Amino acid sequence: MWLFLLPSFLGTGIFTVFPFLDVIKRSFTEAFSNRFVGMANYQTVFENEAFLLAVKNTLRFLGVCIPLLIVSSLVLALAIQKMGEKKKVFQGAFLIPMAVPIASVVLFWKLLFDKNGFLNGWLQIFSIAPVDWMNEKTAFAVLVFSYLWKNMGYFIVLWLAGLNGIPATYYEAARVDGASDWKCFFYITLPQLVSSFTMITILAFVNSFKVFREAYLIAGDYPHESIYMLQHLFNNWFVSLDIQKMSTAAVVLAVFIAVLIGVFLVLEKRLEMRSRE
Numbered sequence: 018m019w020l021f022l023l024p025s026f027l028g029t030g031i032f033t034v035f036p037f038l039d040v041i042k043r044s045f046t047e048a049f050s051n052r053f054v055g056m057a058n059y060q061t062v063f064e065n066e067a068f069l070l071a072v073k074n075t076l077r078f079l080g081v082c083i084p085l086l087i088v089s090s091l092v093l094a095l096a097i098q099k100m101g102e103k104k105k106v107f108q109g110a111f112l113i114p115m116a117v118p119i120a121s122v123v124l125f126w127k128l129l130f131d132k133n134g135f136l137n138g139w140l141q142i143f144s145i146a147p148v149d150w151m152n153e154k155t156a157f158a159v160l161v162f163s164y165l166w167k168n169m170g171y172f173i174v175l176w177l178a179g180l181n182g183i184p185a186t187y188y189e190a191a192r193v194d195g196a197s198d199w200k201c202f203f204y205i206t207l208p209q210l211v212s213s214f215t216m217i218t219i220l221a222f223v224n225s226f227k228v229f230r231e232a233y234l235i236a237g238d239y240p241h242e243s244i245y246m247l248q249h250l251f252n253n254w255f256v257s258l259d260i261q262k263m264s265t266a267a268v269v270l271a272v273f274i275a276v277l278i279g280v281f282l283v284l285e286k287r288l289e290m291r292s293r294e
């Protein structure tokens, strides 16, 4: 068995683990002289205004998008679950955005949200002044909408997989005892979806970092400050070859992601223990 796993371990080590160890080393040294500078790079990064703005916007984006995506996809999954034969049609419809090429999405977004685009054209019919959607505070709402639209179908399918794994006998026994729909949901459905909730939350968290493509292709290197994310920051530092800052910020981000995923896993175990009591 270990012989079969050896190529994967070697590939992961050579192309992921060792390069990241080098990044950690570079975060404590100067870029070209390799002179050890201690925590000086970290101090520089945490005092950088662009980094602080990117962190604030990224945390804001995570705080808004992940709860919205999890709750709305669960509600839609519960509704689709009760549709019987028709649910396959709705599953396919929600998965269409995932199959659309990113270039097509960006083109449609530009046609829709440009200052002279379709949306402003419709607003003018009602005598509403046009809005420069991608160059004002509304850019954040557009980015949130883009993320939800792109990922909703995928997470609906994941919730449906969790819902289909709940034995129907649980609900039948609860109905015999006179349990209402709300009680079935809170005492049967939610406890049985703990594992699905953890996996979906982690995937939503990871996928939220992929929204950079839409924001970058629509608004460029330096978009409106409300959607200037960590991905923009890393891209700009990479272009300017600011290796010290880039390495340091990458280590900080990796630690943050690892800690957050660890928190999710601990919460999952606690929720599972409570559901068994």
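Under the working numbering, the first residue of the sequence shown is numbered 18, with each subsequent residue one higher.
Note that the Cβ used here is the ideal one computed from N, Cα and C, for glycine as well.
Just so it is clear, the structure is predicted and the values come from calculations on it, not from any experiment.
On the criterion of 16 or more Cβ atoms from any shown chain inside 10 Å, does Val62 qualify as buried, or is it exposed? By 1-based counting over the sequence shown, the position of residue 62 is 45. So Val62 ends up on the buried side.
Tell me whether the beta-carbon of Ala267 lies closer than 8 Å to the beta-carbon of Val40. The residue you call residue 267 lines up with position 250 of the sequence shown. The residue you call residue 40 lines up with position 23 of the sequence shown. A contact, by the Cβ cut-off of 8 Å.
If you follow the alpha helix (DSSP H) that Leu177 is in, where does it begin and where does it stop? Here the question's residue 177 lines up with position 160 in the sequence shown. Its alpha helix (DSSP H) spans residues 155–181.
Under 8 Å Cβ to Cβ from Leu277, same chain only, skipping five residues before and after it: list those, please. By 1-based counting over the sequence shown, the position of residue 277 is 260. Phe222.
Measure the alpha-carbon distance for Ser213 versus Asp198 and round it to whole angstroms. As a first step, residue 213 must be located in the sequence shown, where it is residue number 196. As a first step, residue 198 must be located in the sequence shown, where it is residue number 181. When rounded, the distance between both Cα atoms is 21 Å.
Can you name the residues that DSSP bridges to Thr46? Counting from one through the sequence shown, the residue named residue 46 turns up at place 29. Looking at the DSSP assignment, Thr46 forms a beta bridge with Phe53.
Taking the C-alpha atoms as reference points, what is the distance between Trp126 and Trp166? Locating residue 126 in the sequence shown gives position 109, where the first residue counts as 1. Locating residue 166 in the sequence shown gives position 149, where the first residue counts as 1. Roughly 12 Å separates the two Cα atoms.
Could you compute how far the alpha carbon of Phe35 sits from the alpha carbon of Leu27? Reading the sequence shown from its first residue, position 18 is the one you call residue 35. Reading the sequence shown from its first residue, position 10 is the one you call residue 27. Each residue's Cα considered, the two are about 10 Å apart.
Sequence-distant residues of the same chain with beta carbon closer than 6 Å to Lys262, five excluded per side: Locating residue 262 in the sequence shown gives position 245, counting from the first residue. Closer than 6 Å at Cβ, skipping near neighbours: Val62, Trp254.
Assuming the contact rule is C-beta atoms closer than 8 Å, Ser264 and Arg43 should be a hit. Round their C-beta distance to whole Å, please. Sequence index remark: in the sequence shown, residue 264 carries index 247 (1-based). Sequence index remark: in the sequence shown, residue 43 carries index 26 (1-based). About 4 Å separates the two Cβ atoms, so the contact holds.
Quick check: the Cα distance between Val228 and Phe202, rounded to an integer number of angstroms? As a first step, residue 228 is located in the sequence shown; it is residue number 211 there, counting from the start. As a first step, residue 202 is located in the sequence shown; it is residue number 185 there, counting from the start. If you take the alpha carbons of Val228 and Phe202, they lie about 32 Å apart.
Using a threshold of 8 Å, state whether the C-beta atoms of Ile83 and Ser225 are closer than that. To locate residue 83, count along the sequence shown from 1; it is residue 66. To locate residue 225, count along the sequence shown from 1; it is residue 208. A contact, by the Cβ cut-off of 8 Å.
Taking the straight line between their C-alpha atoms, what separation do you get for Ser50 and Leu250? Here residue 50 refers to the residue found at position 33 when the sequence shown is read from its first residue. Here residue 250 refers to the residue found at position 233 when the sequence shown is read from its first residue. Those two C-alpha atoms are separated by around 24 Å.
Quick one: using the 10 Å Cβ neighbour count with 16 as the cut-off for buried, is Leu210 buried or exposed? Indexing the sequence shown from 1 puts residue 210 at position 193. Buried, by the Cβ-count rule.
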